[in-house]
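Chemist:
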Ligand SMILES: Nc1ncnc2c1ncn2[C@@H]1O[C@H](COP(=O)(O)OP(=O)(O)O)[C@@H](O)[C@H]1O
Ligand SMILES: Nc1ncnc2c1ncn2[C@@H]1O[C@H](COP(=O)(O)OP(=O)(O)O)[C@@H](O)[C@H]1O
């Protein structure tokens, strides 16, 4: 079946047209800098050269219409493809959504209501939903939530030790993100290991611009590093990850930095950007290779934090079949993988240097290791398409 | 030699008179609710009944004078004991103090300057110092910092991924606390293990009203759970420990709760108090034993958090000789010890039920375990007295 997957950010729309029958991606595209002056659309039909348009897109509506136009110009023409569903990535489903749902007015109202948890993301996701409903009036629209996979977290993992009024009235708890990616790679990891998912215990390290660690027991998320929002946990491209919870108050009282300013900085000016002056891991390594001290420290901090979460989640799981690296850094950055897991031989965890460097190697631990270390490319769009079809089945 | 150890809090003075020569504690005392109407002093001379006075103490000065008076009344009389030093516990020494120091005006100014890191504690500590200087004009006064032991943390452990201006200009980094306790119990643990401290790798779990985990490699702190302030890390009596760093901003924007209010709540109305309705672990267990759901959850969260730090710090250390429980909960609460470390057999960590229940057992792991689990009563006052003498030597 043909599924259009939409990932609408505050200033961008990513899309993919997937044929789940043949397992192929017929076209992928990106509309960038929506609302800005230097808007750009890149649309790539499988096997063809990219089709590009450079002009401003004032809003998501015009952005999505441009994408439809790109389908018409560069193919495949959506008017001739029988779309079975449009699958939408939605960032925050809180504890309201434990799986994908068919979108109706009630669901839209709920996503809107949950915007307080993700004030930048959910409203953008909703824009995409509204525009797509108009553009494809007869096609079922499905929402797939980043948080849903983590709704299996046990109370001891999702509960913060904070006043009850905050948890009960304001929904303060750990939710977790990157769930769609975790679901996808954990299924594949079990396949590669040749074990039923229900008997497979994994730590998934999703290391992209955002980064998270998740402990998965028998296919169910039991602990994860992102929390109420995607700020907690590992060091990320521009996000700090864990800091002392006193920090906002300290900055307010010592430097007059308001809580919204400091939060903004932790989200957008923290992480590798703060330490290395670059959020893109390739750039960080370039600097480090040239001897830049900030970049060297940034890599140390980044890998140290991963190591801590690996140890923590091994303890949470009690036993472990594999550690799975995925997303941009996880899939491509052999040095970060090796460094994060170095010195863990006593825990039965090791990376084989040759396998780690090899292209397309799925298992990078030494032969015979009890705990496998794996690299599994994630595919959130594929997972969204599959989940969308499952909802309709 | 005779050393008077003072631990001055915002509304209390704890004191001990220690004879380091004979290794005895000649008297211990507590002046409570200073500044309040129901002030109380309890002074216990070794081998005697407690001597109590109930009357208001308007300030630290009158509190300390009352303590001196108690020495005169109940003994030993400080006018006849040749005090070699007064040792002061000081909470925050930041990166200015890497060990104990003889107090002079410059040190006092520095402790004052560092009050921004510990606005409740450092000023109270300073009050104690000022009053003691007046009371014992000829006696050397030594400051012993909670943070000093952790000044060996490597940069990758103490660096938060936050804007550089914050770390460089505002001193934002991990400092760590409970250092005096860590130093004391790690030395004893190595002794019990019969290994040189320099070759001993430990995780110290200091579980008192405040609670922290510390990874100690060869006697040096290499990672610790408290951070810029004593709020980060484990769940504590009234402190939340780790939460999503977005929480203050979330509370501000969704509930209009200012950053200072929410910080106050995380410090004083979080932790076990928030979850179980009691900050004292004995009370929490009473409630849990009576089936109270909040208390049961609180214990789950408390132990789960410890388990995560144990796994994380094992990974940080790469090898491990022992896990050491200390402070009120760590020394006395066998069930919390057992529960925190249950299910870690694959990591080589286990608690022997009989040994764990036995009184005064130092090693509570099963015989022959590679990784020992230990209970070592801490003695911060003894450590402060020893350090004070070392400074004078
Ligand atoms: N070869 C590579 N080496 C190191 N890092 C890489 C490499 N390729 C991509 N990355 C990093 O992956 C990150 C983006 O990951 P990705 O999963 O695409 O992001 P997102 O979280 O936005 O989906 C960037 O930091 C990028 O530098
Ligand atoms: N027998 C016990 N069982 C459980 N908890 C205990 C026991 N005895 C003391 N505690 C707990 O120890 C904590 C105080 O620890 P302590 O080290 O004295 O505190 P502080 O951090 O103030 O020095 C309290 O939560 C108290 O309930």
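Chains as they are written, first to last, in this note's numbering: chain Y, 71 to 463; chain G, 71 to 463. Even glycine gets a Cβ: it sits at the ideal position worked out from N, Cα and C.
1. Does the structure place the segment 240-252 of chain Y close enough to the segment 265-284 of chain Y that three or more beta carbon pairs sit under 8 Å?
2. Please return the same chain residues whose Cβ sits closer than 7 Å to the Cβ of residue 62 (chain G), not counting the five positions on each side in sequence.
3. Beta carbons nearer than 9 Å to chain G: which residues of the segment 285-312 of chain Y have them?
4. Any heavy atom of ligand 1 closer than 8 Å to the CB of residue 452 (chain Y)?
5. Around the C-beta of residue 204 (chain G), are 16 or more other C-beta atoms found within 10 angstroms, so that it is buried, or is it exposed?
6. Are any of the Cβ atoms in chain G nearer than 9 Å to that of residue 187 (chain Y)?
7. For the segment 288-301 of chain G against the segment 312-330 of chain Y, are there 3 or more C-beta pairs whose distance is under 8 Å?
8. Using beta carbons (cut-off 9 Å, strictly below), is residue 320 (chain Y) in contact with chain G?
9. When the Cα of residue 99 (chain Y) is compared with those of Y:458, Y:456, Y:451, which residue comes out closest?
10. Under the assumption that residue 441 (chain Y) contacts residue 275 (chain Y) (Cβ atoms under 8 Å), give the Cβ distance between them as a whole number of angstroms.
11. Is the beta carbon of residue 216 (chain Y) within less than 8 Å of some heavy atom of ligand 1?
12. Is the CB-CB distance between residue 343 (chain Y) and residue 293 (chain Y) below 9 Å?
13. Just verifying my parser: in three-state terms, what is the DSSP assignment at residue 419 (chain Y)?
14. Would you say residue 443 (chain Y) reaches chain G, if we count a Cβ-Cβ gap shorter than 9 Å as a contact?
15. Among G:418, G:402, G:416, which residue has its Cα nearest to the Cα of residue 425 (chain G)?
16. Would you give the residue range spanned by the alpha helix (DSSP H) that residue 221 (chain Y) belongs to?
17. Taking any Cβ of chain Y, which residues in the segment 409-429 of chain G have a Cβ under 7 Å from it, in chain order?
18. Look at residue 209 (chain G) and residue 155 (chain G) and say whether their C-beta atoms are less than 9 Å apart.
19. Run down chain G in chain order and give the residues with a C-beta less than 8 Å from the C-beta of residue 142 (chain Y).
20. Counting only Cβ pairs nearer than 7 Å, list the residues of chain Y close to residue 378 (chain G).
21. Can a CB atom of chain Y be found closer than 9 Å to the CB of residue 330 (chain G)?
22. Shorter than 9 Å from the beta carbon of residue 340 (chain Y) to some beta carbon of chain G?
23. Taking C-beta pairs closer than 8 Å, name the residues in chain Y that residue 227 (chain G) reaches, listed in chain order.
24. Using beta-carbon positions only, say whether residue 111 (chain Y) and residue 133 (chain Y) come within less than 9 Å of one another.
25. Comparing alpha-carbon positions, which option in G:239, G:90, G:82, G:77 lies nearest residue 456 (chain G)?
26. What is the rounded straight-line gap between the Cα of residue 147 (chain Y) and the Cα of residue 330 (chain G)?
27. Would you check if the segment 349-368 of chain G and the segment 411-429 of chain G touch, i.e. whether three or more CB-CB distances between them fall below 8 Å?
28. Should residue 374 (chain G) be labelled buried (16 or more other beta-carbon atoms within 10 Å of its own) or exposed?
29. For residue 419 (chain G), tell me which candidate among G:397, G:453, G:381 has the shortest Cα-Cα distance.
30. What separation, rounded to the nearest whole angstrom, lies between the Cα atoms of residue 465 (chain G) and residue 318 (chain Y)?
31. For residue 84 (chain Y), which beta-bridge partners are listed by DSSP?
32. Where does residue 245 (chain Y) sit, in a helix, a strand or coil, going by DSSP?
33. Mind listing the chain Y neighbours of residue 317 (chain G)? Cutoff is C-beta to C-beta under 7 Å, in chain order.
34. Kindly indicate if chain G contains any beta-carbon less than 9 Å away from that of residue 263 (chain Y).
35. Under 6 Å Cβ to Cβ from residue 114 (chain Y), same chain only, skipping five residues before and after it: list those, please.
36. Using 8 Å as the cut-off, can you tell me whether the segment 219-237 of chain Y makes contact with the segment 346-360 of chain Y, which would need three or more C-beta pairs spanning the two stretches below that distance?
Modeler: Looking at the atomic coordinates:
1. With a cut-off of 8 Å on Cβ pairs, the segment 265-284 of chain Y is in contact with the segment 240-252 of chain Y, counting three or more such pairs.
2. The structure shown does not extend to residue 62 (chain G), since chain G is modelled only from 71 to 463, so the question has no answer here.
3. Correct list: 293, 296, 297, 298, 299, 300, 301, 302, 303, 305, 306, 309, 310, 311, 312.
4. Remark: the C-beta of residue 452 (chain Y) is outside contact range of ligand 1, defined as less than 8 Å to any heavy atom.
5. That one is exposed.
6. Chain G, which has a Cβ nearer than 9 Å to the Cβ of residue 187 (chain Y), makes this yes.
7. Three or more beta-carbon pairs separated by less than 8 Å link the segment 288-301 of chain G to the segment 312-330 of chain Y, which places the two stretches in contact.
8. With a threshold of 9 Å between beta carbons, residue 320 (chain Y) makes contact with chain G.
9. Distances from the alpha-carbon of residue 99 (chain Y) to those of Y:458, Y:456, Y:451 put Y:451 closest.
10. About 13 Å separates the beta carbon of residue 441 (chain Y) from that of residue 275 (chain Y), a gap too long to meet the 8 Å contact definition.
11. No, ligand 1 has no heavy atom inside 8 Å of this Cβ.
12. In this structure, residue 293 (chain Y) does not lie closer than 9 Å to residue 343 (chain Y) by Cβ.
13. Coil.
14. In terms of beta-carbon proximity, residue 443 (chain Y) stays away from the interface with chain G, with every pair separated by 9 Å or more.
15. Looking from the CA of residue 425 (chain G), the closest CA among G:418, G:402, G:416 belongs to G:402.
16. Note, residue 221 (chain Y): premise wrong, no alpha helix (DSSP H); not H, not E.
17. Under the 7 Å Cβ criterion, the segment 409-429 of chain G contributes 413, 414, 416, 417.
18. For the 9 Å CB-CB criterion, residue 209 (chain G) and residue 155 (chain G) form a contact.
19. Near residue 142 (chain Y) there are no residues of chain G at all, since even the closest Cβ is about 42 Å away, more than 8 Å.
20. The answer, in chain order, is 382, 385, 386.
21. Using a Cβ-Cβ cut-off of 9 Å, residue 330 (chain G) counts as an interface residue toward chain Y, since at least one Cβ of chain Y sits closer than that to its own.
22. Yes, contact with chain G.
23. By Cβ distance, chain Y contributes 374.
24. Yes. Within cutoff.
25. Closest by alpha carbon: G:90.
26. C-alpha separation (whole angstroms): 56 Å.
27. Not touching, per the Cβ criterion.
28. The residue in question, residue 374 (chain G), is buried, as its Cβ has 16 or more Cβ neighbours within 10 Å.
29. If we check each option's Cα against that of residue 419 (chain G), G:381 comes out closest.
30. The structure shown does not extend to residue 465 (chain G), since chain G is modelled only from 71 through 463, so no value can be given for it.
31. Beta-bridge pairing links residue 84 (chain Y) to Y:77, Y:100.
32. Residue 245 (chain Y): coil per DSSP, three-state reduction.
33. Near residue 317 (chain G) (Cβ distances below 7 Å), the residues of chain Y are 242, 298, 315.
34. No - not a single Cβ of chain G is within 9 Å of the one on residue 263 (chain Y).
35. 98, 120.
36. Under the Cβ criterion (8 Å, minimum of three pairs), the segment 219-237 of chain Y does not count as touching the segment 346-360 of chain Y.
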